[in-house]
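Structure first, commentary second.
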Amino acid sequence: MSVQTTITVTVQLFAGAREAAGRGTLDVVLSDNGTIGQLRRALSEQHPQLAALAPHLMFAIDTRYADDHTAVAEHAQVAAIPPVSGG
Amino acid sequence: MSVQTTITVTVQLFAGAREAAGRGTLDVVLSDNGTIGQLRRALSEQHPQLAALAPHLMFAIDTRYADDHTAVAEHAQVAAIPPVSGG
Amino acid sequence: MIRLNHEPIDPAELCESVRSARAGGTVLFLGTVRELTGSVRTEFLEYEAYQEMAEKMLADLESQARQRWPIVECAIVHRLGRLEPKTVCVAVAVSTPHRADAFEAARWLIDTLKQNVPIWKKEHGDRGAAHWVHPGTC
Amino acid sequence: MIRLNHEPIDPAELCESVRSARAGGTVLFLGTVRELTGSVRTEFLEYEAYQEMAEKMLADLESQARQRWPIVECAIVHRLGRLEPKTVCVAVAVSTPHRADAFEAARWLIDTLKQNVPIWKKEHGDRGAAHWVHPGTC
Numbered sequence: 046m047s048v049q050t051t052i053t054v055t056v057q058l059f060a061g062a063r064e065a066a067g068r069g070t071l072d073v074v075l076s077d078n079g080t081i082g083q084l085r086r087a088l089s090e091q092h093p094q095l096a097a098l099a100p101h102l103m104f105a106i107d108t109r110y111a112d113d114h115t116a117v118a119e120h121a122q123v124a125a126i127p128p129v130s131g132g
Numbered sequence: 046m047s048v049q050t051t052i053t054v055t056v057q058l059f060a061g062a063r064e065a066a067g068r069g070t071l072d073v074v075l076s077d078n079g080t081i082g083q084l085r086r087a088l089s090e091q092h093p094q095l096a097a098l099a100p101h102l103m104f105a106i107d108t109r110y111a112d113d114h115t116a117v118a119e120h121a122q123v124a125a126i127p128p129v130s131g132g
Numbered sequence: 794m795i796r797l798n799h800e801p802i803d804p805a806e807l808c809e810s811v812r813s814a815r816a817g818g819t820v821l822f823l824g825t826v827r828e829l830t831g832s833v834r835t836e837f838l839e840y841e842a843y844q845e846m847a848e849k850m851l852a853d854l855e856s857q858a859r860q861r862w863p864i865v866e867c868a869i870v871h872r873l874g875r876l877e878p879k880t881v882c883v884a885v886a887v888s889t890p891h892r893a894d895a896f897e898a899a900r901w902l903i904d905t906l907k908q909n910v911p912i913w914k915k916e917h918g919d920r921g922a923a924h925w926v927h928p929g930t931c
Numbered sequence: 794m795i796r797l798n799h800e801p802i803d804p805a806e807l808c809e810s811v812r813s814a815r816a817g818g819t820v821l822f823l824g825t826v827r828e829l830t831g832s833v834r835t836e837f838l839e840y841e842a843y844q845e846m847a848e849k850m851l852a853d854l855e856s857q858a859r860q861r862w863p864i865v866e867c868a869i870v871h872r873l874g875r876l877e878p879k880t881v882c883v884a885v886a887v888s889t890p891h892r893a894d895a896f897e898a899a900r901w902l903i904d905t906l907k908q909n910v911p912i913w914k915k916e917h918g919d920r921g922a923a924h925w926v927h928p929g930t931c
């Protein structure tokens, strides 16, 4: 019998992502040693109201942009970043 | 016997040209139907204190830059323009 | 100097904060909330930021610009909150010994800021419609 | 708007004179009297113009820029007389719907102004030496 270890990551949400979720953070469960790519899929599956936006999100870990191959640690500061439009 | 008709042109002077001449205008005598090129030479000959600067001067007629082929009329507003350095 | 808050942007203060007797050229860029985008009228914009990350990125933009150009002083300011048309929403000021560098650095700073920094704006139209603006529309 | 006189240049006034709810981008260039050119210290500069011709040429520059770029408002101001280091000697302000045009137009205006317009400056050094500045030195 294999035991799948999971972690729970709290994702900060901004702009359209925050409005779609109706709140500023969401918890996402993913396998230990999970990546941003897995987080993106898990976010869609566990929070369907974000499924349409998920492919367009960037993610940041500890205030730096991270790509889909970046590993996610449990206590990292993770943020979902819709396309920016400052200025 | 041929009669050479001449005109007298008053040339406004600016910046280094004004300082070299010690005054704001100079009169230059040149042949009727003279050009800016002839004015440039006449200015050097008749006012040797401007001889060193003359090759570097631009000239304006009635507030527009004129080249050496441009004809000079007697009552035109002629100005000698050293290399500019605004700004 | 970087600043990201709800306070009005003062162009004169920015100019004086970067001007210097060592800098012959100063360039100030001001971004202004437009009233019309095509034929669509804007009632107001609402700006929001991921404050912590945006401040770090603005400071990093300043560092990068200082490495690329001989900058004497540099200021990057972005305003947040509800802004009506004709309000200044963003400003970049750069001073350099010679003007070409000030133009290039200011242009690079505002272009890069708009591409990368986590700041968003929501456009509220005059018929109650509202949407998050996508990149490249302004 | 063009202006060529002995009055101090007010950056805030210039910004407000060109900003518009129709113009998302405003670029202000300020030329400042430098204290040092290489290792040579400037005590003050003295600016002189062929006023009538320079004013016509500045107005013509504005017209040309308005033909090349979608300019909403434009201001070109040059100061004359004795100016100490850190004083603003020249300013160009341009507003356009989108920022790229404002940067390009402002850059073209100041570059062309410095090449063509009959304005001269005499540099007075700190040891009493003085000379008329040649193009391309600033």
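Chains as they are written, first to last, in our numbering: chain L, 46 to 132; chain F, 46 to 132; chain A, 794 to 931; chain P, 794 to 931. Built from N, CA and C at the ideal position, the CB exists for glycine as well.
Where residue i falls: helix, strand or coil (DSSP)
{"i": "Arg872 of chain P", "result": "strand"}
{"i": "Gln57 of chain L", "result": "strand"}
{"i": "Leu807 of chain P", "result": "helix"}
{"i": "Ala66 of chain L", "result": "helix"}
{"i": "Arg861 of chain P", "result": "helix"}
{"i": "Glu836 of chain P", "result": "strand"}
{"i": "Thr930 of chain P", "result": "Unreliable positioning characterises Thr930 of chain P in this predicted model, as indicated by a pLDDT of 41, which lies under 50. A coordinate reading is not provided."}
{"i": "Glu841 of chain P", "result": "strand"}
{"i": "Glu866 of chain A", "result": "strand"}
{"i": "Ala852 of chain A", "result": "helix"}
{"i": "Ala116 of chain F", "result": "strand"}
{"i": "Ala124 of chain F", "result": "strand"}
{"i": "Ala816 of chain A", "result": "coil"}
{"i": "Pro801 of chain A", "result": "coil"}
{"i": "Met794 of chain A", "result": "coil"}
Residue from the options whose Cα sits closest to the Cα of residue i
{"i": "Leu71 of chain L", "options": "L:Asn78, L:Thr80 and L:Ala87", "result": "L:Ala87"}
{"i": "Cys882 of chain A", "options": "A:Lys849, A:Val870 and A:His917", "result": "A:Val870"}
{"i": "Glu839 of chain A", "options": "A:Thr830, A:Ile802 and A:Lys915", "result": "A:Lys915"}
{"i": "Ile81 of chain L", "options": "L:Asp112, L:Arg68 and L:Thr53", "result": "L:Asp112"}
{"i": "Asp904 of chain P", "options": "P:Gly818, P:Glu806 and P:Ala858", "result": "P:Ala858"}
{"i": "Leu823 of chain P", "options": "A:Arg892, A:Ile912 and A:Gln908", "result": "A:Arg892"}
{"i": "Thr53 of chain F", "options": "F:Gly132, F:Pro128, F:Pro127 and F:Val123", "result": "F:Val123"}
{"i": "Arg875 of chain P", "options": "P:Ile912, P:Phe837 and P:Gln908", "result": "P:Phe837"}
{"i": "Pro128 of chain F", "options": "F:Thr51, F:Leu98 and F:Ala118", "result": "F:Leu98"}
{"i": "Thr761 of chain A", "options": "A:Gly831, A:Pro878 and A:Leu851", "result": "In the structure as shown, chain A starts at 794 and stops at 931, and residue 761 of chain A therefore has no counterpart that could be examined."}
{"i": "Ser76 of chain L", "options": "L:Gln49, L:Arg63, L:Glu64 and L:Leu102", "result": "L:Gln49"}
{"i": "Ala852 of chain A", "options": "A:Tyr843, A:Thr819, A:Thr880 and A:Arg796", "result": "A:Arg796"}
{"i": "Gly61 of chain F", "options": "F:Gln83, F:Leu84, F:Met103 and F:Gly132", "result": "F:Met103"}
{"i": "His917 of chain P", "options": "P:Leu807, P:Thr830 and P:Tyr843", "result": "P:Thr830"}
{"i": "Ala868 of chain P", "options": "P:Leu906, P:Arg834 and P:Ser832", "result": "P:Leu906"}
{"i": "Gly132 of chain F", "options": "P:Trp862, P:Gln860 and P:Gln908", "result": "P:Gln908"}
{"i": "Ala923 of chain P", "options": "P:Leu854, P:Gln860 and P:Val833", "result": "P:Val833"}
{"i": "Leu807 of chain P", "options": "P:Leu854, P:Met794 and P:Gly818", "result": "P:Met794"}
{"i": "Thr819 of chain A", "options": "A:Ser856, A:Gln860, A:Arg920 and A:Pro890", "result": "A:Pro890"}
{"i": "Glu64 of chain F", "options": "P:Gly921, P:Thr880, P:Ala847 and P:Trp913", "result": "P:Trp913"}
{"i": "Tyr843 of chain A", "options": "L:Ile106, L:Gly67 and L:Thr51", "result": "L:Ile106"}
{"i": "Thr108 of chain L", "options": "A:Ala847, A:Leu854, A:Gly817 and A:Gln860", "result": "A:Ala847"}
Rounded distance between the beta-carbons of residue j and residue i, thought under 8 angstroms
{"i": "Ser888 of chain P", "j": "Val865 of chain P", "result": "5 angstroms"}
{"i": "Phe59 of chain F", "j": "Glu841 of chain P", "result": "6 angstroms"}
{"i": "Val885 of chain P", "j": "Ala899 of chain P", "result": "5 angstroms"}
{"i": "Glu828 of chain P", "j": "Arg815 of chain A", "result": "7 angstroms"}
{"i": "Gln94 of chain L", "j": "Val74 of chain L", "result": "Going by Cβ atoms, the distance from Gln94 of chain L to Val74 of chain L rounds to 17 angstroms, so no, they are not a contact pair."}
{"i": "Trp925 of chain A", "j": "Ser130 of chain L", "result": "7 angstroms"}
{"i": "Leu821 of chain A", "j": "Pro801 of chain A", "result": "Wrong, their Cβ atoms sit about 15 angstroms apart, outside the cutoff."}
{"i": "Ala116 of chain L", "j": "Asn78 of chain L", "result": "6 angstroms"}
{"i": "Ala125 of chain L", "j": "Val56 of chain L", "result": "5 angstroms"}
{"i": "His799 of chain P", "j": "Arg872 of chain P", "result": "7 angstroms"}
{"i": "Glu897 of chain P", "j": "Trp862 of chain P", "result": "6 angstroms"}
Near-chain A residues of the segment 836-870 of chain P (beta-carbon distance less than 8 angstroms), N- to C-terminal order | Within the segment 836-870 of chain P, contact with chain A at the beta-carbon level (separation under 8 angstroms) is assigned to no residue.
Which runs of the beta strand (DSSP E) fall wholly inside the segment 879-926 of chain A and span at least 3 residues, in chain order?
-> Whole beta strand (DSSP E) segments, 3+ residues: 881-889, 912-918 and 923-925.
With 8 angstroms as the limit, tell me which residues of the segment 901-920 of chain A have their beta carbon closer than that to any beta carbon of chain L; keep them in chain order.
-> So the list reads Ile903, Leu906, Lys907, Gln908, Asn909, Val910, Pro911, Ile912, Trp913, Lys914 and Lys915, given in the order they occur along the chain.
Can you check the segment 63-106 of chain L for any beta strand (DSSP E) of at least 3 residues that lies completely inside it and give the ranges in chain order?
-> You should have 70-76 and 103-106.
Name, going along the chain, the residues of the segment 794-825 of chain P whose beta-carbon falls closer than 7 angstroms to a beta-carbon of chain F.
-> Close to chain F, meaning a Cβ-Cβ distance shorter than 7 angstroms, are the following residues of the segment 794-825 of chain P: Gly824.
Given a limit of 7 angstroms on CB to CB distance, which residues of the segment 59-74 of chain L reach chain A?
-> Those would be Phe59, Ala60 and Gly61, in chain order.
Proximal residues, the segment 99-119 of chain L versus chain A, C-beta separation under 7 angstroms | If the cut-off is 7 angstroms between Cβ atoms, the segment 99-119 of chain L has Ala105 and Thr108 near chain A.
Residues of the segment 74-91 of chain L with a CB closer than 9 angstroms to any CB of chain A: list them in chain order, please.
-> Within the segment 74-91 of chain L, not one residue has a Cβ closer than 9 angstroms to any Cβ of chain A.
Please list the residues of the segment 879-900 of chain A that have a C-beta atom closer than 9 angstroms to any C-beta atom in chain L, keeping them in chain order.
-> Close to chain L, meaning a Cβ-Cβ distance shorter than 9 angstroms, are the following residues of the segment 879-900 of chain A: Cys882 and Val883.
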